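Colleague:
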Amino acid sequence: MAEKYDVAIIGGGVVGSAIARELSRYDLKIIVLERAADVARGTSGKNSGVVHTGINVPHGSVKAKFNVAGAKMFEQYCADLDVPFKRVGKVIVALGESEVPDLDALKAKGDANGVPDLEIIDRATLKKMEPNIEGAGALNVPTAAIACPYSLTIALAESAVEAGVEIKLNSPVTAIKGSEGAFEIETPNETVSAGLIVNSAGLNSDKIARMVGVTRWRVWPCRGEYVILDKRVGGLINSMVYPVPPKGGAGLGIHITPTTDGNILLGPSADYTNDSDDVRTTAKIRRQLISEATEFLPGLTPRDVITAYSGMRPKLVPSKVGGFGDFVIEEVPEAPGVMQLVGIESPGLTAAPAIAEHVSTWVRERVSTKTNLNFKPKWSSVHRSREETLSVVDRMIAEDPGYGEVICRCEMVTKSEIVDSINNKLGAESLNAIKYRSRATMGRCQGGFCGPRIVDLMIENGKSPESITLNGGDSWLFLGTTEDLRAESKAKRAKQKAEAEKVEAN
Numbered sequence: 001m002a003e004k005y006d007v008a009i010i011g012g013g014v015v016g017s018a019i020a021r022e023l024s025r026y027d028l029k030i031i032v033l034e035r036a037a038d039v040a041r042g043t044s045g046k047n048s049g050v051v052h053t054g055i056n057v058p059h060g061s062v063k064a065k066f067n068v069a070g071a072k073m074f075e076q077y078c079a080d081l082d083v084p085f086k087r088v089g090k091v092i093v094a095l096g097e098s099e100v101p102d103l104d105a106l107k108a109k110g111d112a113n114g115v116p117d118l119e120i121i122d123r124a125t126l127k128k129m130e131p132n133i134e135g136a137g138a139l140n141v142p143t144a145a146i147a148c149p150y151s152l153t154i155a156l157a158e159s160a161v162e163a164g165v166e167i168k169l170n171s172p173v174t175a176i177k178g179s180e181g182a183f184e185i186e187t188p189n190e191t192v193s194a195g196l197i198v199n200s201a202g203l204n205s206d207k208i209a210r211m212v213g214v215t216r217w218r219v220w221p222c223r224g225e226y227v228i229l230d231k232r233v234g235g236l237i238n239s240m241v242y243p244v245p246p247k248g249g250a251g252l253g254i255h256i257t258p259t260t261d262g263n264i265l266l267g268p269s270a271d272y273t274n275d276s277d278d279v280r281t282t283a284k285i286r287r288q289l290i291s292e293a294t295e296f297l298p299g300l301t302p303r304d305v306i307t308a309y310s311g312m313r314p315k316l317v318p319s320k321v322g323g324f325g326d327f328v329i330e331e332v333p334e335a336p337g338v339m340q341l342v343g344i345e346s347p348g349l350t351a352a353p354a355i356a357e358h359v360s361t362w363v364r365e366r367v368s369t370k371t372n373l374n375f376k377p378k379w380s381s382v383h384r385s386r387e388e389t390l391s392v393v394d395r396m397i398a399e400d401p402g403y404g405e406v407i408c409r410c411e412m413v414t415k416s417e418i419v420d421s422i423n424n425k426l427g428a429e430s431l432n433a434i435k436y437r438s439r440a441t442m443g444r445c446q447g448g449f450c451g452p453r454i455v456d457l458m459i460e461n462g463k464s465p466e467s468i469t470l471n472g473g474d475s476w477l478f479l480g481t482t483e484d485l486r487a488e489s490k491a492k493r494a495k496q497k498a499e500a501e502k503v504e505a506n
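Mapped onto the working numbering, the consecutive letters of the sequence shown carry residue numbers 1 to 506.
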C-alpha cells in the first residue's frame, strides 16, 4: 500500500524547496519528489543569482506581485538560512544616446511596482559609480541584490528535511491518478499517496499538469549560456550591469553580474530548444557573450574566462512571440487539490519566499495544522571557514583538525567542509553534490588539483569507486581499478588464445 502524505511537492528547485520548508513549520506529512540526483540541478541552480527588485515586470501582473513581495523578504530569508547575500545594486546602462529615453520608461514601470530609490544618472555619475563601464547614462537601482541560488535551494531543502520533510531524489513522476484527498503519484521507484499536490516541476510543469487533466499550458525550454570570469578580475565592477532590455527578446540582454563568491558572470544568452535537458555550452555563444560584454566593459579578454555553463528557462511564450509570459500560480477547476506553478522563470528565485507563503496558506485552508516543534527558524547546512576570522578558524581547527587541511586551494575549501558535504542530509552522492555544497572544484583549475583528493575522501567515507558519478545517473567517473582492468584483459587474451589453439587443432 502506498504511504499517505498530506502534501506531495513535485520538483526540488528553489520554489519547491521553499514551499517544503515553509510547510515544515506545521505538523504535516510532506514529501518532495525530485527527478534529478540532487536539488537545484535545473533552472534554480543555473541562473544569475539576482534578487530582482521588480523593475522589469509588468505592473499588476502575478509576477510583479510575488517579485516585489519576495524581494522584501529575501535578505532576512538568506540570513535565517546562512546563505550569502549582498545588496550590490544595479545599473541599467544606455550604451548610446538613442537608448537614454528608454530609461524613463523603465523607471516609470519600477515606480509603479513600488521599487524604491530609483534614479536616472548621467554619463559622469555612471563613471564615478562604475569607472570601467562605458555608457551614455543609466538607471540606478540601489536595492538590487545577489544571492547564491544553489546554496539557497540546498539550504531550504536540508532545513525542511531536518524538520521532518521527506525528499526523494531520482524520482521522476510518471503518472498521477485519483483526485483531491486521494491522489496516487507514480515514480519508477514507488507509488506515493497524497491528499494535495503542488506542481512545482519547472521545465516539466506542463507535463505534470497534463497528468491531472490540465492542458491549457505549454512550456518552451529556452537555454541561457553563461561564462564565469576569474576572481582576479572580480573588481572590475561594483554592482550589476544590465543593458536596456532588447525589445521583444526572450531575455533581458547580457548581464555583467558579480557573484557572492567574487567571480563575474557574463550572460545569459537566450536560445529556444526542443530538449529541456540540452544544457550544453558552445564556443559561438561564449564568443558572443564576451563580445557583447566588452561593449560595456572594454577591459575584458577571453583569457579572463575560467569556465562556462548553461541553464534552462521554462517559458510560456514561444520563440515566434518572444518576450515573457506571466507566472501561473493557481488551483484550476479541472484539477482541484493541485496547486499549479507553471512558467516560473526569472524572477522565480526572488519570488520563491512569497510563493511559498502563498502555497502554505492554500494548504492550511484545506488541512488542519498545528505547529511543528522540530522546525528550526535558523539553519546552517555548511561551514565556510574561508569567510571566518582567524580566531574563529583557530577555534574550529582545535575542535576539528580537518578544518586546518585545505583540499581545494583555489576556493580554500577544507577537508571537513568536503566531508560534511559528502554526509549531507539529502543523501546526494555525486561529485557535483559536493561541489555545490562546498564550492570545491569551482576555482581556476576546475578540480584539476583537488578532484582526485575529493574522490579519495568519498571512498574513505564509504563510496566504492565504481559508484562515484559526476552528477548521478549514468555519469560514472570510473570503470574499475587498474588491477581489475588488467585481470579482465588477461582473461580476454587467455580466451582468445584458447579459441585460436582450438581452431589450429581442427
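The C-beta atom is built at its ideal place from N, Cα and C for all residues, glycine as well.
This structure is a prediction, so every number in the text was calculated from the model and none was measured.
Would I197 pass as a contact of G337 if the rule is Cβ separation under 8 Å?
Modeller: For this step, residue 197 is matched to residue 197 along the sequence shown. For this step, residue 337 is matched to residue 337 along the sequence shown. Contact: yes.
Colleague: In the DSSP assignment, what are the bridge partners of I459?
Modeller: Here residue 459 corresponds to residue number 459 of the sequence shown, with the count starting at 1. Its beta-bridge partners do not exist; DSSP assigns none.
Colleague: Under the three-state reduction of DSSP, which class applies to M240: helix, strand or coil?
Modeller: Sequence index remark: in the sequence shown, residue 240 carries index 240 (1-based). Looking at M240 - three-state DSSP - the assignment turns out to be strand.
Colleague: In terms of alpha-carbon separation, which member of P333, A270, L426 lies closest to S17?
Modeller: Position 17 of the sequence shown, counted from the first residue, corresponds to residue 17. Nearest option by C-alpha distance: L426.
Colleague: Please list, in chain order, all residues of the same chain as L297 whose beta carbon is under 8 Å from its beta carbon, the five residues on each side excluded.
Modeller: To locate residue 297, count along the sequence shown from 1; it is residue 297. Only N132, I133, E134, L236, I237, V241, I256 meet the Cβ criterion.
Colleague: Can you name the start and end residues of the alpha helix (DSSP H) that W362 belongs to?
Modeller: To locate residue 362, count along the sequence shown from 1; it is residue 362. Note, W362: alpha helix (DSSP H), 348-364.
Colleague: Applying the 10 Å Cβ sphere with the 16-neighbour rule, what's the burial state of G12?
Modeller: Here residue 12 corresponds to residue number 12 of the sequence shown, with the count starting at 1. Classification of G12: buried, given that the 10 Å Cβ count is 16 or more.
Colleague: For my contact list, S438 and I418 are in at a C-beta cut-off of 8 Å; report their separation, rounded to the angstrom.
Modeller: Within the sequence shown, residue 438 is the residue found at index 438, counting from 1. Within the sequence shown, residue 418 is the residue found at index 418, counting from 1. The pair is a contact, with the Cβ atoms about 5 Å apart (cut-off 8 Å).
Colleague: Got a sec? Which residues, its chain only, sit under 7 Å from K508 by beta carbon, not counting five neighbours each side?
Modeller: Outside the displayed range of the chain (1 to 506) lies residue 508, so it cannot be described from this structure.
Colleague: Starting from the C-beta of G253, find all residues in its chain whose C-beta is less than 7 Å away, skip the five residues before and the five after it, and write them out in chain order.
Modeller: The residue labelled residue 253 in the question sits at position 253 within the sequence shown. The answer, listed in chain order, is Y242, P243, P245, P246.
Colleague: Rounding to the nearest angstrom, what Cα-Cα distance links L457 and G42 in this structure?
Modeller: Position 457 of the sequence shown, counting from 1, holds the residue named residue 457. Position 42 of the sequence shown, counting from 1, holds the residue named residue 42. Computed Cα separation, rounded: 27 Å.
Colleague: Only counting the same chain, and skipping five residues up and downstream in sequence, which positions put a Cβ closer than 8 Å to that of P221?
Modeller: Sequence index remark: in the sequence shown, residue 221 carries index 221 (1-based). Annotation for P221: L203, Y272, T273, N274, D275, S276, D278, M312, R313, P314, K315 place their beta carbon closer than 8 Å to its own, counting only its chain and skipping 5 residues before and after.
Colleague: To the nearest angstrom, report how far apart S467 and K376 are at their CA atoms.
Modeller: In the sequence shown, counting from the first residue as 1, residue 467 sits at position 467. In the sequence shown, counting from the first residue as 1, residue 376 sits at position 376. Going from the Cα of S467 to the Cα of K376 covers about 34 Å.
Colleague: Given 8 Å as the limit, is there contact between the region 397-414 and the region 440-449, that is, 3 or more CB pairs closer than that?
Modeller: yes
Colleague: Taking the beta carbon of T441 as the centre, do at least 16 other beta carbons fall within 10 Å, making it buried, or is it exposed?
Modeller: Taking the first residue of the sequence shown as position 1, residue 441 is located at position 441. With 16 or more other Cβ atoms within 10 Å, it is buried.
Colleague: Three Cβ pairs or more, each shorter than 8 Å: is that satisfied between the region 347-357 and the region 68-75?
Modeller: yes
Colleague: State the beta-bridge partners of L196 as determined by DSSP.
Modeller: Here the question's residue 196 lines up with position 196 in the sequence shown. DSSP output for L196 lists V7 as bridge partner(s).
Colleague: Within 10 angstroms of its Cβ, does P452 collect 16 or more other Cβ (buried), or is it exposed?
Modeller: Indexing the sequence shown from 1 puts residue 452 at position 452. That one is exposed.
Colleague: So, for V332: in the same chain, excluding its five sequence neighbours on each side, which residues have a beta-carbon less than 7 Å away from its beta-carbon?
Modeller: As a first step, residue 332 must be located in the sequence shown, where it is residue number 332. The residues are V214, Q340.
Colleague: Give the single residue among I31, R21, V15, G325 whose Cα lies nearest to the Cα of Y5.
Modeller: Taking the first residue of the sequence shown as position 1, residue 5 is located at position 5. Restricting attention to I31, R21, V15, G325, the CA atom closest to the CA of Y5 is found in I31.
Colleague: When the Cα atoms are used, what is the spatial distance from I19 to Y77?
Modeller: If you number the sequence shown from 1, residue 19 lands on position 19. If you number the sequence shown from 1, residue 77 lands on position 77. Taking the straight line joining both Cα atoms gives about 13 Å.
Colleague: Identify whether V57 lies in helix, strand or coil by the three-state DSSP scheme.
Modeller: Your numbering for residue 57 matches position 57 in the sequence shown. If DSSP states are grouped into helix, strand and coil, V57 belongs with coil.
Colleague: Note down, in chain order, each residue of its chain lying with its Cβ closer than 8 Å to the Cβ of V413, except the 5 sequence neighbours on either side.
Modeller: As a working note, residue 413 is residue 413 in the sequence shown. Excluding residues within five positions, the ones whose Cβ falls inside 8 Å are R386, V406, I407, S438, R439, A440, C450.
Colleague: So, V359 versus P149, is the Cβ gap smaller than 8 Å?
Modeller: For this step, residue 359 is matched to residue 359 along the sequence shown. For this step, residue 149 is matched to residue 149 along the sequence shown. The answer is no: Cβ separation not under 8 Å.
Colleague: How many angstroms separate the CA atom of E34 from the CA atom of T294?
Modeller: Here residue 34 refers to the residue found at position 34 when the sequence shown is read from its first residue. Here residue 294 refers to the residue found at position 294 when the sequence shown is read from its first residue. If I take the Cα positions, the gap works out to 39 Å.
Colleague: Look at the Cβ atom of S346, then the Cβ atom of D38, and state whether they are nearer than 8 Å.
Modeller: Translated into the one-based positions of the sequence shown, residue 346 becomes position 346. Translated into the one-based positions of the sequence shown, residue 38 becomes position 38. No, these two residues do not count as a Cβ contact at 8 Å.
Colleague: When the Cβ atoms of the region 135-154 are set against those of the region 98-110, are three or more pairs found closer than 8 Å?
Modeller: Note that the region 135-154 touches the region 98-110; at least 3 beta-carbon pairs, one per stretch, sit closer than 8 Å.
Colleague: Could you tell me the distance, in whole angstroms, from the CA atom of V161 to the CA atom of K415?
Modeller: Taking the sequence shown and counting its residues from 1, the one referred to as residue 161 is at position 161. Taking the sequence shown and counting its residues from 1, the one referred to as residue 415 is at position 415. Cα to Cα, the separation comes out at about 24 Å.
Colleague: Please return the same chain residues whose Cβ sits closer than 6 Å to the Cβ of K29, not counting the five positions on each side in sequence.
Modeller: Residue mapping note: residue 29 aligns to position 29 of the sequence shown, counting from 1. The residues are Y5, D6.
Colleague: Mark L479 as exposed unless 16 or more other C-beta atoms lie within 10 angstroms of its C-beta, in which case mark it buried.
Modeller: Position 479 of the sequence shown, counted from the start, is the residue given in the question as residue 479. Exposed, because fewer than 16 other Cβ atoms sit within 10 Å of the Cβ of L479.
Colleague: Looking only at its chain, what residues have a beta carbon closer than 8 Å to the beta carbon of H383, apart from the 5 residues adjacent to it on each side?
Modeller: By one-based count along the sequence shown, residue 383 stands at place 383. Around H383: M396, Y403, S416, E417, D420.
Colleague: Can you name, in chain order, every residue of its own chain whose Cβ lies under 7 Å from the Cβ of I434, other than the five neighbours on each side?
Modeller: Start at 1 with the first residue of the sequence shown, and residue 434 comes out as number 434. Once the five neighbours on either side are set aside, the close Cβ partners of I434 are I418, S421, I422, A440, I454.
Colleague: Less than 8 Å between CB atoms is the rule here; does D275 satisfy it with respect to chain C?
Modeller: Structure shown: chain C not included; a single protein chain is present.
Colleague: As an exercise, report each continuous beta strand (DSSP E) stretch of at least 3 residues that is fully enclosed by the region 377-464, in chain order.
Modeller: Fully enclosed beta strand (DSSP E) runs of no fewer than 3 residues occupy 406-408 of the region 377-464, in order along the chain.
Colleague: Roughly how many whole angstroms lie between the Cα atoms of N432 and L470?
Modeller: Numbered from its first residue, the sequence shown carries residue 432 at position 432. Numbered from its first residue, the sequence shown carries residue 470 at position 470. Rounded to the nearest angstrom, the two C-alpha atoms are 6 Å apart.
Colleague: Taking a contact to mean a Cβ-Cβ separation below 8 Å, would you say V227 touches R286 in this structure?
Modeller: Sequence index remark: in the sequence shown, residue 227 carries index 227 (1-based). Sequence index remark: in the sequence shown, residue 286 carries index 286 (1-based). For V227 and R286, yes; Cβs fall inside 8 Å.
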